[in-house]
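Residue numbers (the UniProt record's numbering): 1 to 312.
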Amino acid sequence: MSSAAKPIVSEATERVKKGLAAMLKGGVIMDVMNSEQAKIAEEAGACAVMALERIPADIRKDGGVARSSDPKMIKAIMSAVSIPVMAKVRIGHFVEAQILQQLGVDFIDESEVLTVADEGNHVNKNKFKVPFVCGCRNLGEALRRIAEGACMIRTKGEAGTGDIVEAVRHIRTLHKEIRMVQTMDDDELFTMAKDHACSLELLQQIKRDGKLPVVNFAAGGVATPADAALCMQLGVDGVFVGSGIFKSSDPAKRARAIVQAVTHFNNPQVLAEVSEDIGDAMTGINCDELKVRYADREGGNMPAAKKAKMEY
Numbered sequence: 001m002s003s004a005a006k007p008i009v010s011e012a013t014e015r016v017k018k019g020l021a022a023m024l025k026g027g028v029i030m031d032v033m034n035s036e037q038a039k040i041a042e043e044a045g046a047c048a049v050m051a052l053e054r055i056p057a058d059i060r061k062d063g064g065v066a067r068s069s070d071p072k073m074i075k076a077i078m079s080a081v082s083i084p085v086m087a088k089v090r091i092g093h094f095v096e097a098q099i100l101q102q103l104g105v106d107f108i109d110e111s112e113v114l115t116v117a118d119e120g121n122h123v124n125k126n127k128f129k130v131p132f133v134c135g136c137r138n139l140g141e142a143l144r145r146i147a148e149g150a151c152m153i154r155t156k157g158e159a160g161t162g163d164i165v166e167a168v169r170h171i172r173t174l175h176k177e178i179r180m181v182q183t184m185d186d187d188e189l190f191t192m193a194k195d196h197a198c199s200l201e202l203l204q205q206i207k208r209d210g211k212l213p214v215v216n217f218a219a220g221g222v223a224t225p226a227d228a229a230l231c232m233q234l235g236v237d238g239v240f241v242g243s244g245i246f247k248s249s250d251p252a253k254r255a256r257a258i259v260q261a262v263t264h265f266n267n268p269q270v271l272a273e274v275s276e277d278i279g280d281a282m283t284g285i286n287c288d289e290l291k292v293r294y295a296d297r298e299g300g301n302m303p304a305a306k307k308a309k310m311e312y
């Protein structure tokens, strides 16, 4: 293959990965821990499932080190359903990502919910054929992840809490900062590109389009059909639901209701109908009471408190 042809192949691969993510728009992606839960999610209308051994609420409760899941469990879920299967890796753990790519998962989530593996670096996602999804709290984080090769972004929220407040904060912050970019001239965009370690072309595209160049889902704290519809009305492309389904009293009913809420997010009549008689929601944790905030985790940008402890 000539050197002139290589960029075309690379560009085509990026287009394919972004296209695969775009096919999930308008859908719900559900965390599942086994084949039975995966089948419930598929029957409820989920557009994809996230395979993991412990859902975020259990990771918060149990503590310890949270790692990528057992390949045997992931393969069992892949065999059980026909919809796309995602799996998580720790931030910066490119070997876990290599293993998931070898397994044939459809998407890899470089997730702040798992224990960080590399405090200075995220995975170079451009090296992989499998599309990556990554979290963000703001435009700066989204820009860095997209520059690294992420083909799908999710606002982080606070996973495992059942409290939607952080998800709403991150969605509104991201959209506000995109609107600010649309008011900037090229000199200001150039400075912003340097500050956020991304290309000027990426910022120019966001200014022109008024949105990210990749699909953006909401995540972290979605527990009810109303939560899911709220995120959709705020302008995201779809919703991740983790603990909110399988920590509720009737997962099958709640899963179907949340899928319907995302599909009909602008129809109060449907929202009222699907919210009725679906059992008790997960108990949840008020985000004001959190000792550990997963959303603060970003390779190269550790929380200030942790940096202070390391300085000596």
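Every residue gets a Cβ at the ideal spot worked out from N, C-alpha and C, and that includes glycine.
These numbers were taken from a predicted model, which means no experiment stands behind them.
Next item on the list: Excluding the 5 residues preceding and the 5 following E14 in the sequence, name in chain order all residues of the same chain whose CB lies nearer than 6 Å to its CB.
Entry: none
Notebook entry, point to check: Mind checking N216: buried by the 16 CB within 10 Å criterion, or exposed?
Noted result: buried
Checklist line | Where E298 falls: helix, strand or coil (DSSP) | finding: coil
Item checked: Rounded separation between P56 and Q101 - CA only -> 23 Å
Next item on the list: Check C287 in the structure and name its three-state DSSP category.
Entry: helix
Check: Can you tell me whether DSSP reads T155 as helix, strand or coil?
Finding: strand
Checklist line | Where the alpha helix (DSSP H) through R169 begins and ends | finding: 165-181
Notebook entry, point to check: Apart from the five residues on each side of it in sequence, which residues of its chain come closer than 6 Å, Cβ to Cβ, to I285?
Noted result: T161
Next item on the list: State the CB to CB distance for the pair M232 and V262, rounded to an integer number of angstroms; the pair is presumed to be in contact (CB under 8 Å).
Entry: 6 Å
Check: In terms of DSSP beta bridges, what is R90 paired with?
Finding: S111
Margin query: I'd like to check one pair, A87 with S69: are the Cβ atoms closer than 8 Å?
Written below: yes
Checklist line | Burial state of D163 (16 or more Cβ within 10 Å) | finding: buried
Margin query: Going by DSSP in three states, C231 sits in which element: helix, strand or coil?
Written below: helix
Margin query: Can you tell me whether N138 is helix, strand or coil according to DSSP?
Written below: coil
Next item on the list: Measure how close the beta-carbons of T115 and R137 come, nearest whole angstrom, since I'm counting them as under 8 Å.
Entry: Wrong, their Cβ atoms sit about 19 Å apart, outside the cutoff.
Notebook entry, point to check: Quick one: what's got a C-beta closer than 8 Å to I146's C-beta in the same chain, skipping five residues either side?
Noted result: I153, C198, L202, L212, P213, V214
Check: Residues bridged to M30 by DSSP?
Finding: V49, V241
Margin query: Quick check: the region 175-186 against the region 120-127, are at least 3 beta-carbon pairs closer than 8 Å?
Written below: no
Check: To the nearest angstrom, how far is it from the Cα of A257 to the Cα of P225?
Finding: 6 Å
Item checked: Spatially closest choice to G238 from V16, F265, I99, by CA coordinates -> F265
Next item on the list: Classify N121 as helix, strand or coil using the three-state DSSP reduction.
Entry: coil
Check: If you run the structure through DSSP and keep just helix, strand and coil, what is N266?
Finding: coil
Margin query: Taking the straight line between their C-alpha atoms, what separation do you get for P251 and A76?
Written below: 20 Å
Notebook entry, point to check: In this structure, does DSSP put F128 in helix, strand or coil?
Noted result: coil
Item checked: Assigned exposure category for G26 - 16 Cβ within 10 Å defines buried -> exposed
Notebook entry, point to check: Using CA coordinates, which residue listed in E298, K194, A219, V105 is at the minimum distance from P29?
Noted result: The sequence shown places Ile at residue 29, not Pro. Here the closest residue by C-alpha is A219.
Note to self: Quick check on K18: does DSSP put it in helix, strand or coil?
What the structure shows: helix
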